[in-house]
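**Student:** One structure is given below, represented as structure tokens, and several questions about it will come after.
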Amino acid sequence: MTLVGLNFAPMQESDLEWVAMLDARLYPYPWTVGNFSDSMRSGYSCWTMRDGLERVGYAVLMMVLDEAHILNISVQAERQRQGLGRRLLEHLGDVARQDGARQMFLEVRPSNTAALALYQRAGFETIGRRKGYYPAASGREDALVMRSRL
Ligand SMILES: CC(C)(COP(=O)(O)OP(=O)(O)OC[C@H]1O[C@@H](n2cnc3c(N)ncnc32)[C@H](O)[C@@H]1OP(=O)(O)O)[C@@H](O)C(=O)NCCC(=O)NCCS
């Protein structure tokens, strides 16, 4: 698949319905429009990724001193496995570095094999485990905490 022209733009109010609709398709416990607009209001770094004019992904990054925390990174289901997640992750790394971050952190479900593979391939290492961090159909699921140096 040819990418017409991948570009990144700060998330706008007008993106929120699309972003929340996609989140509901991608996650069993999705963020709401309110969660995304709160993130924007809190000054988090919120992005959409477009291929030409088509929105194909989005991400939310929180900066705390010299650490960057990825709170959300998502690619539209029909456009997965085309290298877009990797490009979005690289973009977040560039933004974090420009803002002075030295390390980037994230949490991921151990059952999320696609995300785990993406992060491992991008050089993230597992540095911890939060017990029962996520809601899950069977009760709770742990989170793996991963870090990459920038
Ligand atoms: C995780 C996610 C962002 C990956 O996006 P993507 O665009 O499909 O990823 P890429 O095509 O850039 O893949 C990069 C690498 O990650 C790995 N990977 C990605 N998806 C994979 C899958 N389903 N199975 C195995 N490896 C996978 C591969 O190593 C891949 O490289 P390769 O295609 O050269 O082998 C996407 O699957 C997604 O949006 N999932 C739903 C939301 C989510 O779970 N987000 C993460 C929350 S922590």
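Using this note's numbering, the letters of the sequence shown correspond one by one to residues 12 to 161. All residues carry an ideal CB built from backbone N, CA and C; glycine is no exception.
Do Arg61 and Trp29 have their beta-carbon atoms positioned less than 7 Å apart in this structure?
**Tutor:** Their beta carbons are not under 7 Å apart, which means Trp29 does not touch Arg61 by this criterion.
**Student:** Just to confirm, does Ser85 get its C-beta within under 6 Å of one of the non-hydrogen atoms of ligand 1?
**Tutor:** Yes; taking the cut-off as 6 Å, the Cβ of Ser85 has a heavy atom of ligand 1 nearer than that.
**Student:** For Ser159, report the span of its beta strand (DSSP E) as first-last.
**Tutor:** Ser159 -> beta strand (DSSP E) spans Gly150 to Arg160.
**Student:** Per DSSP, Ser56 forms a beta bridge with which residues?
**Tutor:** Bridge partners of Ser56: Leu72.
**Student:** Strictly by DSSP, which residues pair up with Asp49?
**Tutor:** According to DSSP, which records beta bridges pairwise, Asp49 is partnered with nothing at all.
**Student:** In chain order, what residues of the same chain lie with their CB nearer than 6 Å to the CB of Asp26, ignoring the 5 residues before and after it?
**Tutor:** Around Asp26: Thr59.
**Student:** How long is the line joining the alpha carbons of Tyr38 and Gly111, rounded to whole angstroms?
**Tutor:** Approximately 31 Å, taken between the alpha carbons.
**Student:** Would you call the CB atoms of Met73 and Tyr55 closer than 7 Å?
**Tutor:** Contact: yes.
**Student:** When DSSP labels each residue in this structure, what does Ser122 get in the three-state scheme?
**Tutor:** Of the three classes helix, strand and coil, the one that applies to Ser122 here is coil, per DSSP.
**Student:** Is Leu155 near ligand 1, going by C-beta to nearest heavy atom under 6 Å?
**Tutor:** Result no, Cβ not under 6 Å from ligand 1.
**Student:** Pick out whichever of Val119, Ala88, Val86 and Ala125 has its Cα sitting closest to the Cα of Pro146.
**Tutor:** Taking only the C-alpha atoms, the option nearest Pro146 is Val119.
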